[in-house]
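Structure, as C-alpha cells:
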Amino acid sequence: MRSETPAPILLADYTPPAYLIDTVHLDVDLRADGTVVTATLACVRNAGTAAAATNPPLVLDGEELETLEVAVDGQVLPASAYRIDAETLTIATVPARFTLRTKVRIQPDANTQLSGFYRSKDGYFTQCEAQGFRRITWFADRPDVMARFTVTLHADKAAYPVLLANGNPVGQGDEADGRHYATWEDPFKKPCYLFAMVAAKLDVLRDTFATASGRTVQLAIYVEPGKLDQCPHAMEALKKSMAWDERRFGLECDLDHYMIVAVGDFNMGAMENKGLNIFNTKYVLARPDVATDVDFENIDRVVAHEYFHNWTGNRVTCRDWFQLSLKEGLTVFRDQEFGADTHNRDVARIREVRGLRAAQFPEDAGPMAHPVRPASYIEINNFYTATVYEKGAEVVRMIQTLIGREAFRAGMDEYFRRHDGQAVTCDDFVAAMSAASGFDFTQFMRWYREPGTPRVTAASAYDAQARRYTLTFTQANPKASDNAPYLIPIRVALFDAQGQELEGHSRTLLLTETTQTFAFDNVASAPVPSLLRDFSAPVLLDYPYTPAELTLLLAAESDPFNAWEAGQRLATGLILEATAAIAAGRAPVWPESFTAAARTLLTGYEARGAAFVAEALTLPGEATLAELLDEVNPDALHAARNGLRRHLAEALHAEFAAAYAALAPTGPYAPSADQAGRRALRNVCLGYLLERDAPAERQRAQDQYAGADNMTDQFAALAALANANAAARPAREAALADFYQRWQGEALVVDKWLAVQAGSRLPDTLATVQRLTAHPAFDLSNPNKVYALLRTFGANLVRFHAADGSGYAFFAEQIKALDARNPQVASRLARCFDRWKKFDAGRQAHARAALESLRDHPGLSRDVGEIVMRALG
Ligand code: 0A1
Ligand code: ZN
Numbered sequence: 001m002r003s004e005t006p007a008p009i010l011l012a013d014y015t016p017p018a019y020l021i022d023t024v025h026l027d028v029d030l031r032a033d034g035t036v037v038t039a040t041l042a043c044v045r046n047a048g049t050a051a052a053a054t055n056p057p058l059v060l061d062g063e064e065l066e067t068l069e070v071a072v073d074g075q076v077l078p079a080s081a082y083r084i085d086a087e088t089l090t091i092a093t094v095p096a097r098f099t100l101r102t103k104v105r106i107q108p109d110a111n112t113q114l115s116g117f118y119r120s121k122d123g124y125f126t127q128c129e130a131q132g133f134r135r136i137t138w139f140a141d142r143p144d145v146m147a148r149f150t151v152t153l154h155a156d157k158a159a160y161p162v163l164l165a166n167g168n169p170v171g172q173g174d175e176a177d178g179r180h181y182a183t184w185e186d187p188f189k190k191p192c193y194l195f196a197m198v199a200a201k202l203d204v205l206r207d208t209f210a211t212a213s214g215r216t217v218q219l220a221i222y223v224e225p226g227k228l229d230q231c232p233h234a235m236e237a238l239k240k241s242m243a244w245d246e247r248r249f250g251l252e253c254d255l256d257h258y259m260i261v262a263v264g265d266f267n268m269g270a271m272e273n274k275g276l277n278i279f280n281t282k283y284v285l286a287r288p289d290v291a292t293d294v295d296f297e298n299i300d301r302v303v304a305h306e307y308f309h310n311w312t313g314n315r316v317t318c319r320d321w322f323q324l325s326l327k328e329g330l331t332v333f334r335d336q337e338f339g340a341d342t343h344n345r346d347v348a349r350i351r352e353v354r355g356l357r358a359a360q361f362p363e364d365a366g367p368m369a370h371p372v373r374p375a376s377y378i379e380i381n382n383f384y385t386a387t388v389y390e391k392g393a394e395v396v397r398m399i400q401t402l403i404g405r406e407a408f409r410a411g412m413d414e415y416f417r418r419h420d421g422q423a424v425t426c427d428d429f430v431a432a433m434s435a436a437s438g439f440d441f442t443q444f445m446r447w448y449r450e451p452g453t454p455r456v457t458a459a460s461a462y463d464a465q466a467r468r469y470t471l472t473f474t475q476a477n478p479k480a481s482d483n484a485p486y487l488i489p490i491r492v493a494l495f496d497a498q499g500q501e502l503e504g505h506s507r508t509l510l511l512t513e514t515t516q517t518f519a520f521d522n523v524a525s526a527p528v529p530s531l532l533r534d535f536s537a538p539v540l541l542d543y544p545y546t547p548a549e550l551t552l553l554l555a556a557e558s559d560p561f562n563a564w565e566a567g568q569r570l571a572t573g574l575i576l577e578a579t580a581a582i583a584a585g586r587a588p589v590w591p592e593s594f595t596a597a598a599r600t601l602l603t604g605y606e607a608r609g610a611a612f613v614a615e616a617l618t619l620p621g622e623a624t625l626a627e628l629l630d631e632v633n634p635d636a637l638h639a640a641r642n643g644l645r646r647h648l649a650e651a652l653h654a655e656f657a658a659a660y661a662a663l664a665p666t667g668p669y670a671p672s673a674d675q676a677g678r679r680a681l682r683n684v685c686l687g688y689l690l691e692r693d694a695p696a697e698r699q700r701a702q703d704q705y706a707g708a709d710n711m712t713d714q715f716a717a718l719a720a721l722a723n724a725n726a727a728a729r730p731a732r733e734a735a736l737a738d739f740y741q742r743w744q745g746e747a748l749v750v751d752k753w754l755a756v757q758a759g760s761r762l763p764d765t766l767a768t769v770q771r772l773t774a775h776p777a778f779d780l781s782n783p784n785k786v787y788a789l790l791r792t793f794g795a796n797l798v799r800f801h802a803a804d805g806s807g808y809a810f811f812a813e814q815i816k817a818l819d820a821r822n823p824q825v826a827s828r829l830a831r832c833f834d835r836w837k838k839f840d841a842g843r844q845a846h847a848r849a850a851l852e853s854l855r856d857h858p859g860l861s862r863d864v865g866e867i868v869m870r871a872l873g
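Numbers 1 to 873, taken from the UniProt record's numbering, label the letters of the sequence shown in order.
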C-alpha cells in the first residue's frame, strides 16, 4: 500500500522563482553506458522578489539523474556544499549572479516513461512537457523561468546521423571514433518544457514557406527511414496553417527553421517544442491506402495546433501549470477555426460538440471534475484533460461570441502587444480581451473557476393578445462552490409552424441571472424556439420540446448545429424510453414519425450535404446517453440503441441501398471535404445495411472491403463486419485475418486492427482483447498500441462494464503492469473507471474491488494514485 498520499500543489501557493536562468549551454554526449549531460547555467537572483534581499538557497529539480559534478563559477563543489535528495539539488549559498555547471549521467535506454530523453526504434527523442526536462538535467523546471538555450549533441555518426535541437544550426563536424557533433542555438528565450533534441536515423522531407513579410522559413519533416511517401500531407498542412495564421490573426512565423520529427513511441499526440515539434507518427504519416479521411483531417488539425502554439504558448507562455488552458484552450479554439475554414464548418462544429459530450461532460460530472483553471493537482500530467483543452476552447469561443470576431482579433493583438516574451495567466488573456472590447468579464471568469457543467432550463409562454413571446431561463450547477450565476450567451431564433425563421428575432441572449426572462414582441403566433444555436455555450439545455417541434427544427433550421441537435434530441428520447422498456421486459416502440424524418434526411442529402446527413443519421453514443441516466443499465441501453439502428435499417432498407449505390466513388481518392462527406454517408449507410443480418448485406461489405482503393472504405467495411452478428462470424474472421496479413508492417494500421476488435459489440470481446494482449502485434511499451487495444476496450460501455466485473478485473491488472513502465499512460487507462458509480450495486462492488486493488498495489505511481483516490472519493 502507498505509505502516504502526496500533498497537492496549490495555485494559491504560487510564488515567483527565487533565481532566474538567463542562458543554458547543454553538452549532450551519447555513449553506450548512458548519456552525459553537462549543463552550464547563467543564474541570477530574481530582483523584485523577496529573494533579492534574503539570499535564499538555490533549489533545482531533477529526477533519476546520476550526478557526476557540481560547480559554481568554475569551482567544483565538495559533496558537503550541496544536498541531493529524491527530486532536488540544493546549494545553500550562492552569489547574486553566478554560473552553475552540473554534469549528470542519464539512461535513455531504460527510460520507459517516455518523459525526458528516451529511446524509440531509430534513435533518441525528448518529451519535456510538463516536467520532463528535470529528467535530463538539474534545472528550475517551471514555465516562468525562461532562458536562451545552446545545445551541442555528440553521437555515433552511422547510427545517429541526424542531430537536432531547437533553433538554428550553428556548427557541426566529425569527431574521433566515427562520431560527430552538431550545435544548435535558439535565439528565443523559452521555458524548459519547450526544449527538444533528437539523435536518430531519419529520412527528411524539405520545403520552404515564404512569410507575408518576405522571410523564408526552411521546413523539414523527419520520419523513420522508408516513410517519406507518407509525409506530403503533413507538409501541406503545415504550409496551410502558416498562411491561415497570417490571414486570420496576422501572426507570422518567427523562425528560420521549423522542423517536425515523427516518433512511434509517444505518450500524447504531439508537442510544440520551439522550432522542433515532436509528433506521434499517428499525426504525421498518411497515404490514402493507410490513412482514413478522419486521419487526414486530424493530421491537419494537430499540425496546425502545434504550429499555432508557436504564438499561443511559446511566444506567450504560462506562468504556472494551473494556467495550462491559457495555451491549450486558446490553441484548440484556433485549430478548430482552422479546421472549420479548411474543411466543413458545419460538420466541424457538430463533431466538436459530439466530442465534448462524449468526453468532457462525463469528466465534469465525475470524480475528476475540475475547473478550466484547476486550483490544485497532485500530478500535473493528469490535467491534460478534455476540460482544460476542449472546455477551455469553448470558453475562448464564448469570449468571441460575446465581443464579436473583430474585437476578438483586436484582443489577440492586444494580448501579444502586452505579453510577448512573457509567462502569464488566464486573467492576463481575458484582461487583454476586455481592454480591446470594453466588455466586463468579471462575471464570466466563473467559467475558469468552477468545475461542472451548468444546466440551463428553459420555459416559454406566448401571449396572443399582446403578440408577445417570452423565454425564461433558469441556471444551476450543483458541482460549483456556490450558487452564483454564470454569464451564458444563448443564441436563439424563432420559427413559425411552417418552419420559417421569424425575421428580426434571431439574437444572442446574455443570461446573467439565476432566473431571467427575455421578451420577443410582435410575434404573430406561438413560435418554435431554436435554443443555443451553434452550441453557443457548453451547457446542458432542457426545454420541453415536442417530437413535432424537433422534427420541424431538424427539417427547417438553417443553423446546421441546431438542426443536427434536434435530430439528436429526438433519437435520445426514443432510445432512453426504449432502454426503460427493455429493462422492464417490454418491447420498445419506434414511431413512424422518426423513420419518416430519417427518410427525408437520407433522400435529401444532395441539398443538405452528405457530411451533414452522415452526422444526423449517427445516433448519440452510448457514453453520451449514459450521462443522461441516473443509473445505467448498459445492456438495456446497448440493446435499445442497436434496436433503433436495426429498426431504421429494416424500415429504410431501400433508401439506404439507393444512397449507398448513388454515393459510389466516381474518381480517384482525395481527402477533400466533399469526397470525405460522401464517403462518410456511404459508410453510415453500409453500417445500417449490415444491421439486417442478411447474406447479401454481408457480401456487400465484403465486396467493399476487397475492392476499396483507400483505407477509409476498407476500414469502414472491416468495422461493419467486426460488429456484425453471429451469422457473419466467418466473414468477420476472414476480413480480420486478411487485414492483419496485409498491414502487419504498418504500425498505425495495426492499431486500427486492434481498436476495431476492442471496440466490437460482440459478447466475447473481452476474451478477444485478452488474447490480443499476447499477440505479437501488441506491445505494452508502445502507447499507441495500449490506447488502441486497452483504452478502446475501456470505452466500450457494454463490454467494459460487464455485469460479472470481468472487464474491471482485467483492466486493473493491465494498469498495474503498465504503471511500472509508464505511469502517464497507465493513468489515462485508469480514467476508464471514472463513471463507475453510475452503475448498479453489483457492478459497483466489482469496480470498487478493482479500484481498491489498484490503490493497494505496492509502488503505485502518483499518476494512477491520484486518479484512483479521486474515483474512490
Ligand atoms: N502540449 C501538447 C500536448 C502534450 C502535453 C503533455 C505531453 O507530455 C506529458 C505531451 C504533449 C499539445 O497540446 O499538443
Ligand atoms: Zn496544445
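Yeah, the Cβ is synthetic: ideal placement off N, Cα and C, and Gly gets one too.
None of these values were measured; they are calculated from a predicted model.
query, result
"Shortest alpha-carbon distance to Asp-713 belongs to which of Asp-293, Tyr-688, Arg-608, Leu-652?", "Asp-293"
"State the beta-bridge partners of Met-197 as determined by DSSP.", "Ala-165"
"Between the segment 622-635 and the segment 838-847, can you find at least three pairs of beta-carbon atoms closer than 8 Å?", "yes"
"Starting from Asn-277, follow its DSSP beta bridges and name the residues at the other end.", "Ile-260"
"Starting from Ser-460 and walking both ways along the alpha helix (DSSP H), at which residues does that stretch end?", "Not the alpha helix (DSSP H): Ser-460 falls in the beta strand (DSSP E), residues 455-463."
"Excluding the 5 residues flanking residue 895 on each side, which residues of the same chain have their C-beta closer than 7 Å to its C-beta?", "Nothing about residue 895 can be read from this structure; the chain reaches only from 1 to 873."
"Cβ of Glu-272 versus every heavy atom of ligand 2: is any distance shorter than 7 Å?", "yes"
"Give a single yes or no on whether Glu-246 has its beta carbon closer than 7 Å to a heavy atom of ligand 2.", "no"
"Per DSSP, what kind of secondary structure is Val-433 in: helix, strand or coil?", "Note that residue 433 corresponds to Met in the displayed sequence, not to Val. Met-433: helix per DSSP, three-state reduction."
"Please name the residue, chosen from Leu-736, Gly-567, Pro-763, that lies closest to Ala-726 on a Cα-to-Cα basis.", "Pro-763"
"Tell me, to the nearest whole angstrom, how far the beta carbon of Ile-403 is from that of Met-433; I am working on the premise that it is less than 8 Å.", "7 Å"
"What do you reckon, is the C-beta of Glu-352 under 7 Å from a heavy atom of ligand 2?", "no"
"Would a C-beta distance cut-off of 8 Å place Arg-732 and Glu-691 closer than the cut-off?", "no"
"Round the Cβ separation of Ala-393 and Val-316 to the nearest angstrom and send it over; I've been treating them as touching at under 8 Å.", "Not quite, the Cβ-Cβ distance comes to about 17 Å (not below 8 Å), so this is no contact."
"Do the segment 100-117 and the segment 133-151 meet, that is, are 3 or more Cβ pairs less than 8 Å apart?", "yes"
"Given the structure, does Gln-360 come close to ligand 1, in the sense that its CB is under 7 Å from one of the ligand's heavy atoms?", "no"
"Can you tell me the Cβ-Cβ gap for Met-398 and Phe-249, rounded? I've got them flagged as a contact below 8 Å.", "Not confirmed; about 18 Å, so no contact."
"According to the neighbour-count rule (16 or more other Cβ atoms, all chains shown, within 10 Å of its Cβ), is Gln-323 buried or exposed?", "buried"
"Is Arg-418 helix, strand or coil by DSSP?", "helix"
"Taking the CB atoms as reference points, tell me whether Val-24 and Ala-147 lie closer together than 8 Å.", "yes"
"Rounded to the nearest angstrom, how far is the Cβ of Asp-863 from that of Gln-824, given a contact under 8 Å?", "6 Å"
"Would you mind sorting Ala-493 into buried or exposed? The rule is 16 or more other CB atoms within 10 Å of its CB.", "buried"
"Note down the Cα distance separating Gly-366 from Arg-354, rounded to an integer number of angstroms.", "18 Å"
"Could you check the C-alpha separation between Ala-812 and Ser-806 for me, to the nearest Å?", "10 Å"
"So, is Glu-513 buried or exposed, given that buried needs 16 or more other C-beta atoms within 10 angstroms?", "exposed"
"I'd like to confirm something about Tyr-384: is its beta-carbon nearer than 7 Å to some heavy atom of ligand 1, or not?", "yes"
"Among the residues of its own chain, which have a CB less than 8 Å from the CB of Ser-781, if the five just before and after it don't count?", "Thr-112, Asp-265, Arg-821, Asn-822"
"On the three-pair Cβ rule with 8 Å, is the segment 82-89 touching the segment 51-61?", "yes"
"Distance, Cα to Cα, Met-235 vs Tyr-705?", "30 Å"
"For Ala-110, which of helix, strand or coil comes out of DSSP?", "helix"
"Could you tell me whether any non-hydrogen atom of ligand 2 is closer than 7 Å to the CB of Thr-331?", "yes"
"If we ignore side chains and look at the alpha-carbon of each, how far apart do Gly-759 and Asn-796 end up?", "6 Å"
"So, for Thr-150: in the same chain, excluding its five sequence neighbours on each side, which residues have a beta-carbon less than 6 Å away from its beta-carbon?", "His-25, Glu-185"
"I think Val-284 touches Ala-262, with their Cβ atoms under 8 Å apart; what is that distance to the nearest whole Å?", "4 Å"
"Per DSSP, what are the beta-bridge partners of Met-268 in this structure?", "Answer is none; Met-268 lacks a bridge partner."
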